[in-house]
Every structure is written in C-alpha cells, then in structure tokens.
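Below is one structure, written out as structure tokens, with a few remarks after it.
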Amino acid sequence: MSPAATPDESLLERAPVLARDWLTGFLPGPARWLAGSLLAVVAVLLVFATLFALLTLAERKILGRVQNRPGPNRVGWFGLLQPVADGIKMLIKEDLVPRAANPVLHLLAPVVLLAAAIMTFAVIPYGRHLVPVELDAALLYFFAAGSATELAVFMAGWASHNKYSLLAAMRALAQLISYELPLLLSTVPVVLAAGTLSTTGIVAAQSGWKWNLVPHWLVFTPCGAAGFAIFMVSALAESNRSPFDLPEAESELIAGHLTEYSGFKYALFFMAEYFGMCAASAMAVTLFLGGWHAPLPALEAIPSYVWFSAKLLALLLGFIWVRATMPRLRIDQLTRLAWKFMVPLALVNVGTAAFWSLTFPWTGPLQLLRWAVAIALAAGPFFLLGRGLTSGLGPRTYRYA
Amino acid sequence: MSPLQICLAFSSALFAVGLAGALARSNSILVLLGIELMLNAANLNLIAFWRFSPHGSPSTGVVFVVFAIAVAAAETAVGLALVISIYRHQQDIRLEEATRLKG
Amino acid sequence: MNTVLVIVALATVATAAAAMSRPSLLNCVLLLTVSWTGIAAFYLWAGAEFAAFAQVLIYVGAISMALMFAVLLTRRTRSDFPPARASGSRAAYAILAGAAVAAVLLAAVARSSVAAAPAPGPASTVRQLGVQLMGPHAAALLVVGVLLTVALIGAVVLAAGAGPARPEGTR
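Protein chains in written order, with my numbering: chain S, 844 to 1244; chain A, 8 to 110; chain R, 18 to 188.
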C-alpha cells in the first residue's frame, strides 16, 4: 500500500488507505509498518479466498448453463451456499495417505504449491494506492514465485509412490516448463514499452487517453494484443485449465499426480490452481489492460479498485468460457503447440515490439505505415506458423446426426 | 566479526561442503550437485564483496553474478546430458563403473 | 542485522550438508533446492534483489527440474545394485579434504583486516543493471547468449543419442 493519498481524490478512492492508517494508529511507531503489511496480507487473502469460493460456484453454474442444465441450485438461494457445502465436505473427508508414501513430502507438496501461489499476489497493484509490496523488479519476482509451483507438482507425484502418479507428474512438469517460456517472452514487449520491471511503473505507463477516448492500454497496440493473446493461452496452460488440463483430466486418468490425495489436501491443490488462475489474470490486467485505470475519462469517479475487479472478473469469466467450449489437448499436441507455435510467435512479437518502440517518433502518414507493418509482423507469422502446424492433417469431414 | 567476515565464512563453509560432497559420493548426479554448490558459494562471495565495497560502479557485482548463474545453468544442462548418455551406455551412473574407454 | 545473516547462513549450510549426505538421491535434490532458496534469501539481505529473483527463477524453477528429470530417467531398481564397495574410507578422506580447505579459507578470512564500517549498501536498480549490461558488458552478454544456445543444443544432441529407434527388423 504505497504512495500517499492526496486529498483531492474521492473519499471512496482513499478509503482503504484511511482505514489502514486508522487501524495502525493505535500502535506505537515502529510496529506500524509491520501491522500495515499484515493488514495488507489479511485483506488480500480474504478477498481472494472469497473470490475462489464464488468462482467455483460461478464455474459450475456457467458450465451448466452452457451445457443446457441449471448447475447447482439446491443449497441456498440459486446455489449460493454450494461453496460452503463443498468446503465442509472437503474438511470432513478422510485423509488417506498410502502406506508406502513419503509422509513428509506428501504433506509438503500442497503446502508449497499454495504458498507459491499466494506469494505471487504480493506485487499486483489492486488500486491506486493498493499494492502490498513495491519492488523494483516486481515482474521477475512474480515469475520466480510462480516457478516454485513446478517443484510442488513433482513432489506430489513422487511422494504418492504410485508409478502412474509419477508419470502423470512428469507429464504435468513437461507442460508447465513448455509454457513458461511463451509466458515470459510475451511480457517482454510490455517491459519494452513501459521501460520498467515494476508493476506500478507499468500501470503508470498506461495512463492517459488518446483523443480523450482511447486509453493507452497496451492491448490496443499490435504487439501488445499479440502478447496478450500469447499470455492468456500460456496462463491457461500454466494453471492446468482446459483445454490444457490433461494433468488432472478426471475422465482419463482419475486425477493424475493427485490420485493419492483426498480431503483437505486435495482442497488445497484445488485452491492453489484457482489462485494461480486469479494471479495470472490479475497480472494480465496489470500488464496489458491498464491495471486500475478507467477506460474513459468520464468514468474516473468510480474507484480504481472497482475497475481492477471488473477487468479481473471479465478475464476469469473468459477462462470459464474457454473451459466450456474447447476439447482437451493431448500431451503431444500441447507440447507441439508450445514449442513450434507459441515460442516462435513470442520471439517474433519481441521483434515487433522493438520495431514499434523504435518508430515511436513517426508522425502523419508514417503512422499508418507503422501500424500496417506492426500488424503484418504480428499477424503474418500467426497464419504462417498455424498453417505449418496443421499441415499434414486430413481435410475435415462433417457428418450431421 | 564484521558482517563481511561472516559472509565470507558462510561462503567458505558452503564451498567446503560442496567439495566434500563432490569427492565423497560415487553417483555422478551428486558430483554435479556438489559442483553446483561450489559455484553458488563463489556467487555468494561476489555479492558479499559487492555489498561491502566502496561504491565504484553500482551494479558490477550483480552483473557478474547474473553471468555466473547463466554459465552454471548451461554447465548443468550439459553435465546432465552427459550423465544420461553414460546411463544409456552402461545402465549405471556410478563413477566407479565408468572405467572403460570403449564405446 | 547480523542475526538474520547468521540464521540464514547456518540454515543454508545445514541443508547443503544434509543434501550431500542423504542416501536417497531425490531427497538430496530437494534439500539442495532448499539451500538454493537460502542463498536467494542471503542475496535479498545484501540488497541484490534482481540476483535473488534470478537465483530462484533459474535454480529452483529450472535447474531443479532438469536434475529431477535426470534422476528419474537414470534410476535402477534396488535389486540390481551390487553391494557398495568400501566407500566409508573414501567419504572420510573427502570430508578431511573439505575440512582442510575450509580451515585454510576460514583462517584467511579471520586474519584479514576488513573495515568493520557497516556502510549502507549500494542502491542497485534494475535500470542501472540494464544500462551496465547493454553498455560496458554488452559483448559479454552476447557471448553468454551464444554460449547458452550452443550448450543447450549440444545437451539436446547428447541426450537424444542415436536418433529415433529404428523399427524392428524381422517380426
């Protein structure tokens, strides 16, 4: 919770900072910083735990409606107490640990996964004055904290002492490391455009509006749009969501590396997956969608954290929509997609971003040339590589029922 | 003891642990782990001296460490590829077994 | 300030020593990952944030994965192992060598006169690091890039062996 709130911002905007100052005012001077940080941690955890509960319900309802059925609606009004029922079920289930399993690693795996997922929430600016930790290399911290999740996946597969769990863990690891590269490369254009690795700096670089109408969000530039697409697809794969959810495909391998987990530990894995999804969406909002900025100057009266939440919810609903729509990819299909399609596309995108930032001073009709070249550089390889990826497959034959 | 001496003692201890491990174990992967520990101890030294030195150029120590980490990563990849090649040849990765020049 | 340093140092050296002495290979790799995180904590204490995050990202996030894959791909079942030869004496000599090196280094450290002035650390921002990397050290950066590419291509070629297996001749 960083820069000081100036008095000319609205009361709603300054409300969280004022609340924190009032609460920590009861403590002596040196403890105030610690209490403020603890308050930030508690607030982030509460908000995202509630979001996790409501997101599980929203997912089941939306999936249900897409599949022409109502989804859970028995518990509470419109099924709103379903997450509570699920939580109670997970807590009272028997916790089975296989006798030959390594008990320390079996317990540590979900803990490490959840810890890494929660640590990634620390550098995201949720509002104008609402970033828990302000770091100079915040983007690098985000990816470093996220890379510890791979270790936990392996520990889960190994500790179960089950050769199928181990194979599934190695498959999940292959997927995670394949998609980490496009994820990292797609943020390089953002760093090029903003000139800093700090998340608050990146959000500040996307402030303002062109002609008082179009915001300066990076998704409205060709390299930013391509980067956004690559980032979202890689985030889908990094959090094991459909269509990349082979590691936990219930219909195919029971639960993959999580087969031997039950009860509360399984709930922790589940929670860590949703937290990863939320963190990736929040980072996409920060990097590409302008963070907490409002889309139009007239709408600035609405507080910044409301805008951040709206954009975050839109991205999460996009995740759920993709899950409802697309079939699952096999492991060889998804690794081929990663290495032969996403990585070259992300590398070409870095080149496009370099061209974009070098031609910044062009004006007049040269601007049109700049846009045309950038769009060609962003879209051309997409079609060429896509053609190469799907070549050799037969023509589609449709048979109507 | 000044903080710099504590840092240097820390890195010396880590280096000695890595050296003892690399010499004692017969599994090639553990020898590689010992070598990684020694490289990390050297990086520790670099950061310790960067922290407590007069500030000439502000980031030289960190630049050095970034390069050292990159080179260590490359060396680990090549070392592990060698281990896998040896395993494919003789189905055992213990160092005492890799005594033949044939193949 | 010194207490944090001493705690981090003791924890890292303890986990590293445990990592080098466990019989189970995978436990060794996991304990070494913990000691790498301890080293990253030391970098954070020293104020080199970029180095700390790079250490976690590269060592804990990538090198540990490569090590685990190598461990899993080169396993043998316990029944295949012949009994270990006399490795107790070898371990003793190795520990003796390590202790000798440590003694020499620690004597040098203790005897040298370092200024005890705890000056505030240098403020290294990412911008300065970038300027340094792209300015005076640009040639080294390019060389390291080429080195990484060549090393990884070589590693892939080495590990892939003789190419895809030829199909069975007579069936």
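For each residue, glycine too, the CB sits at the ideal point set by N, CA and C.
Sub-9 Å separation of residue i and residue j beta-carbons
i	j	result
residue 1194 of chain S	residue 960 of chain S	no
residue 941 of chain S	residue 1003 of chain S	yes
residue 20 of chain A	residue 43 of chain A	no
residue 1111 of chain S	residue 953 of chain S	yes
residue 1045 of chain S	residue 1130 of chain S	yes
residue 1164 of chain S	residue 1150 of chain S	no
residue 87 of chain R	residue 85 of chain A	no
residue 29 of chain A	residue 107 of chain R	no
residue 1049 of chain S	residue 1037 of chain S	yes
residue 1146 of chain S	residue 868 of chain S	no
residue 73 of chain R	residue 83 of chain R	no
residue 793 of chain S	residue 1073 of chain S	Only positions 844 to 1244 of chain S appear in this structure, which leaves residue 793 of chain S out of reach.
residue 967 of chain S	residue 1122 of chain S	yes
Proximal residues to residue i (C-beta, below 7 Å), its chain only, five neighbours per side dropped
i	result
residue 36 of chain A	90 and 100
residue 1087 of chain S	1018, 1079, 1080, 1172 and 1177
residue 1032 of chain S	1066, 1067, 1070, 1192, 1193 and 1196
residue 938 of chain S	1105, 1106, 1107 and 1108
residue 922 of chain S	900, 904, 914, 915 and 916
residue 878 of chain S	867 and 870
Three-way DSSP call (helix, strand, coil) for residue i in this model
i	result
residue 1154 of chain S	helix
residue 904 of chain S	helix
residue 1084 of chain S	coil
residue 936 of chain S	coil
residue 1241 of chain S	coil
residue 860 of chain S	helix
residue 1039 of chain S	coil
residue 811 of chain S	Lying outside 844 to 1244, the shown extent of chain S, residue 811 of chain S is not represented and no answer is given.
residue 47 of chain A	helix
residue 82 of chain A	helix
residue 96 of chain A	helix
residue 90 of chain A	helix
residue 979 of chain S	coil
residue 1104 of chain S	coil
residue 1200 of chain S	helix
residue 61 of chain A	coil
residue 82 of chain R	helix
For residue i: DSSP bridge partner residues
i	result
residue 1052 of chain S	S:1058
residue 101 of chain A	A:34
C-beta neighbour in chain R for residue i, strict 9 Å
i	result
residue 1022 of chain S	no
residue 95 of chain A	yes
residue 1117 of chain S	no
residue 76 of chain A	yes
residue 107 of chain A	no
residue 42 of chain A	no
residue 990 of chain S	yes
residue 84 of chain A	yes
residue 49 of chain A	no
Short CB-CB distance (under 9 Å) between residue i and chain S
i	result
residue 25 of chain R	no
residue 115 of chain R	no
residue 39 of chain R	no
residue 163 of chain R	no
Within-9 Å CB hit, residue i to chain A
i	result
residue 156 of chain R	no
residue 19 of chain R	yes
residue 51 of chain R	no
residue 46 of chain R	yes
residue 201 of chain R	Here chain R covers residues 18 to 188 and nothing more, so residue 201 of chain R does not appear.
residue 54 of chain R	no
residue 77 of chain R	no
residue 169 of chain R	yes
residue 175 of chain R	yes
residue 140 of chain R	yes
residue 127 of chain R	yes
residue 159 of chain R	no
Residues near residue i in its chain [Cβ-Cβ closer than 8 Å; skip 5 each side]
i	result
residue 15 of chain A	52 and 55
residue 1187 of chain S	1224 and 1228
residue 1217 of chain S	1064, 1065, 1066, 1195, 1198 and 1199
residue 177 of chain R	none
residue 910 of chain S	1167
Closer than 8 Å: residue i CB and nearest the ligand GTP heavy atom
i	result
residue 157 of chain R	With respect to the ligand GTP, the structure offers nothing, as it holds no ligand at all.
Proximal chain D residues relative to residue i, where beta-carbon distance stays under 7 Å
i	result
residue 166 of chain R	Chain labels in this structure do not include chain D; the protein chains are S, A and R.
Chain-order list of residues whose beta-carbon lies under 6 Å from that of residue i (same chain, five-residue window excluded)
i	result
residue 1015 of chain S	996, 1090 and 1100
residue 1024 of chain S	1186
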